[in-house]
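Enquirer: Per this note's numbering, the very first residue in the sequence shown carries number 20; after that it's consecutive.
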Amino acid sequence: MVLNDIKRTHYARQVDSTLIGQQVRVGGWIEDIRDIGKLAFVTIRDATGICQVIVTGGNLQTALQAPRQSVVTVIGTVQESKARDFPVELKASEFAVVTEALHPLPIDPTGRVESAIDKRLDARALDLRNPRVAAIFRLRSAGLKIIRDALSSQGFIEVNTPKIIGSASEGGANLFGFEYFGKRKAYLAQSPQLYKEQLMVGLDKVFEIGPYFRAENSHTVRHLSEFTSVDIEAAFLDYEEIMDILEKVVRKIVIEFHEKFKPDLQAAGAKEISVTKIDRLTYEQCLEELAKEGEKLEFGDDLSDSALRRLGSLHPGFYFVMDWPLKLKPFYIHGKEEDLRLSKSFDLQYNYLELASGGRRLHDPVKLRSRLAEQGLNPATFQDHLKAFDWGMPPHSGWGLGYDRLLMVLTGEQNVREVVLYPRDTDRLTP
Ligand code: AMO
Numbered sequence: 020m021v022l023n024d025i026k027r028t029h030y031a032r033q034v035d036s037t038l039i040g041q042q043v044r045v046g047g048w049i050e051d052i053r054d055i056g057k058l059a060f061v062t063i064r065d066a067t068g069i070c071q072v073i074v075t076g077g078n079l080q081t082a083l084q085a086p087r088q089s090v091v092t093v094i095g096t097v098q099e100s101k102a103r104d105f106p107v108e109l110k111a112s113e114f115a116v117v118t119e120a121l122h123p124l125p126i127d128p129t130g131r132v133e134s135a136i137d138k139r140l141d142a143r144a145l146d147l148r149n150p151r152v153a154a155i156f157r158l159r160s161a162g163l164k165i166i167r168d169a170l171s172s173q174g175f176i177e178v179n180t181p182k183i184i185g186s187a188s189e190g191g192a193n194l195f196g197f198e199y200f201g202k203r204k205a206y207l208a209q210s211p212q213l214y215k216e217q218l219m220v221g222l223d224k225v226f227e228i229g230p231y232f233r234a235e236n237s238h239t240v241r242h243l244s245e246f247t248s249v250d251i252e253a254a255f256l257d258y259e260e261i262m263d264i265l266e267k268v269v270r271k272i273v274i275e276f277h278e279k280f281k282p283d284l285q286a287a288g289a290k291e292i293s294v295t296k297i298d299r300l301t302y303e304q305c306l307e308e309l310a311k312e313g314e315k316l317e318f319g320d321d322l323s324d325s326a327l328r329r330l331g332s333l334h335p336g337f338y339f340v341m342d343w344p345l346k347l348k349p350f351y352i353h354g355k356e357e358d359l360r361l362s363k364s365f366d367l368q369y370n371y372l373e374l375a376s377g378g379r380r381l382h383d384p385v386k387l388r389s390r391l392a393e394q395g396l397n398p399a400t401f402q403d404h405l406k407a408f409d410w411g412m413p414p415h416s417g418w419g420l421g422y423d424r425l426l427m428v429l430t431g432e433q434n435v436r437e438v439v440l441y442p443r444d445t446d447r448l449t450p
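Next up, the structure:
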């Protein structure tokens with residue numbers, strides 16, 4: 020083996036007792052160096068784990084001079100170890116520093132010295148070397164695959180709709196606008212709402228996993244100005260059927276995380292959560308329960324943060340709130356035929372946290388136009404959207420699930436910024 024070849028033969032996690040006597044090459048970052056005179060114990064971490072290397076002779080000086088967290092490649096023979104934490108170790112024959120790390124680094128990527136989240140986010144790439152943080156992003160990736168598989172297996176096709184758009188998708192509030200080639204105003208999509216509905220004219224069942232952009236002037240642990248959502252839309256399904264789909268997706272991700280990703284959940288410090296049947300409360304039931312708890316709300320009031328916290332303590336874990344007053348819901352939501360004050364809509368909650376919202380949509384273009392006007396929106400600015408409703412629009416329903424918030428729940432994180440690589444909020448636009 021020659022060291023100027025950068026290829027590894029094994030990841031740190033793969034160096035085990037089956038390799039005793041064999042020569043291997045590992046590459047990673049120096050985590051610790053323990054100098055005991057004629058030799059040094061060097062621990063090397065890569066993306067999979069950590070291994071111990073014994074460095075002696077001519078390599079000793081190289082190892083001792085290398086700043087921690089420098090990248091090294093090591094060729095060594097696997098041998099049994101007397102160390103408590105390592106059943107085997109590498110006896111290095113070659114030890115080369117590939118790139119030196121700055122000393123001191125802005126944060127300690129081992130996590131032994133804790134840094135405030137802002138400091139960590141300023142050095143996010145380095146923060147990912149911390150096994151707890153890396154585990155969160157492995158789970159994030161695994162969750163997306165579970166959701167894609169779950170929806171694909173139910174006949175949904177994945178679509179990608181534009182994020183640069185010509186008019187608001189969720190009404191005018193919270194919209195990022197910018198000049199488009201000096202010719203007109205353009206916006207960043209608040210959601211794929213209008214497009215996913217238009218697709219019902221041809222594609223029947225669609226899902227999209229993509230960014231939402233919202234100029235939210237909120238300084239909370241659950242709001243970002245760019246976040247990821249899983250959106251679905253399905254023709255000829257009513258809202259209770261798509262609640263079933265959402266329930267299935269959430270249950271699948273919880274179960275698969277616990278079945279297949281326990282080590283990552285443990286590394287992330289997540290507590291076990293369970294989902295059996297998700298309770299479905301109507302908005303009016305919630306008002307009654309809240310009144311009994313001394314929290315008096317009138318019909319038509321939104322459920323405040325404190326009301327949701329109370330509901331969360333009455334229904335710990337996941338629960339739906341359905342049949343919201345129509346006037347609290349966006350223009351595209353369908354009313355309830357049996358009670359015109361109400362809508363065929365729902366939110367999925369986890370304790371106080373809203374994870375998803377959705378409902379049956381208005382598919383009748385005449386009703387849609389009058390709802391737009393009722394909500395003070397100009398139907399003329401929705402012309403491109405409305406025309407699809409004249410081409411034979413089937414009845415349809417859908418939801419949008421805030422993926423970052425779901426991950427907060429699954430990993431036990433209290434701040435949405437922990438589960439987003441490079442969060443964007445009112446104060447943070449870099450790195
Ligand atoms: P809504 O506006 O409720 O619905 O958004 C869907 C879900 O997105 C998450 N979310 C957020 N996550 C992080 N930061 C934010 N600022 C933020 N705002 C919302 C929440 C929320 O439940 N078009 C509809 C969906 C539909 O009906 O299909 C919509 O946009 O978890």
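Glycine included, every Cβ here is placed at the ideal spot set by N, Cα and C.
Predicted, not measured: the structure shown is a model, and the values here were computed from it.
Beta carbon of ARG424: closer than 7 angstroms to some heavy atom of ligand 1?
Expert: yes
Enquirer: Taking 6 angstroms as the limit between beta carbons, can you name the residues of its chain near ILE155, skipping five residues before and five after?
Expert: ALA287, THR430, VAL438
Enquirer: Just to confirm, is the Cβ distance from GLU245 to PRO230 under 8 angstroms?
Expert: yes
Enquirer: When DSSP builds the beta bridges, which residues end up paired with LEU367?
Expert: PHE339, ALA375
Enquirer: With a 10 Å radius around its C-beta and 16 neighbouring C-beta atoms as the bar for buried, classify ILE18 as buried or exposed.
Expert: Because the chain spans 20 through 450 in this model, residue 18 falls outside it and cannot be assessed.
Enquirer: Does at least one heavy atom of ligand 1 sit under 7 angstroms from the Cβ of LEU327?
Expert: Result no, Cβ not under 7 angstroms from ligand 1.
Enquirer: Relative to the C-alpha of GLN368, which candidate in ARG424, LEU361, LYS182, PHE339 has its C-alpha closest?
Expert: PHE339
Enquirer: For a test of your reading of the model: does the CB of GLY417 fall under 7 angstroms from any non-hydrogen atom of ligand 1? Yes or no.
Expert: yes
Enquirer: Quick one: measure Cβ to Cβ for VAL220 and GLY411, integer angstroms, because I've assumed they're closer than 8 angstroms.
Expert: 7 angstroms
Enquirer: Beta carbon of ARG64: closer than 7 angstroms to some heavy atom of ligand 1?
Expert: no
Enquirer: Would ARG87 pass as a contact of ILE49 if the rule is Cβ separation under 8 angstroms?
Expert: yes
Enquirer: Would you kindly work out how many angstroms separate the C-alpha atoms of GLY395 and ARG131, rounded to a whole number?
Expert: 55 angstroms
Enquirer: Which value, in whole angstroms, describes the spacing of the CA atoms of ALA187 and GLY46?
Expert: 49 angstroms
Enquirer: Buried or exposed, going by whether 16 or more other CB atoms sit within 10 Å of the CB of LYS311?
Expert: With fewer than 16 other beta carbons inside 10 angstroms of its own, LYS311 counts as exposed.
Enquirer: Taking just the CA atoms, how far does LEU345 sit from GLY354?
Expert: Their backbone Cα atoms lie some 6 angstroms apart in a straight line.
Enquirer: Identify the residues that DSSP records as bridge partners of HIS415: which are they?
Expert: ALA254
Enquirer: Go through the segment 148 to 212 residue by residue and report every complete run of the beta strand (DSSP E) that reaches 3 residues or more, in order.
Expert: 196 to 199, 203 to 207
Enquirer: Smallest Cα separation from LEU213: which of GLU432, ARG27, HIS29, ARG380?
Expert: It is ARG380 whose Cα lies nearest to the Cα of LEU213.
Enquirer: Give the range of the beta strand (DSSP E) segment to which TYR422 is assigned.
Expert: Segment 422 to 430 is the alpha helix (DSSP H) holding TYR422; no beta strand (DSSP E) there.
Enquirer: Using 8 angstroms as the threshold, is the segment 190 to 200 in touch with the segment 230 to 242, meaning 3 or more CB pairs across them?
Expert: yes
Enquirer: Beta carbon of ASP342, beta carbon of LEU361: below 8 angstroms?
Expert: yes
Enquirer: Is the distance from the Cβ of PHE318 to the Cβ of ILE251 below 8 angstroms?
Expert: no
Enquirer: Specify, as a first and last residue, the run of the alpha helix (DSSP H) that TYR302 falls within.
Expert: 302 to 311
Enquirer: For ligand 1, is there a heavy atom less than 7 angstroms away from the beta-carbon of PHE337?
Expert: Between ligand 1 and the CB of PHE337, the shortest heavy atom gap is not smaller than 7 angstroms.
Enquirer: Does the separation of the CB atoms of PHE337 and VAL269 fall below 8 angstroms?
Expert: Yes, these two residues count as a Cβ contact at 8 angstroms.
Enquirer: Quick check: the Cα distance between ASN397 and ARG388, rounded to an integer number of angstroms?
Expert: Pairing ASN397 with ARG388, the inter-Cα distance amounts to about 9 angstroms.
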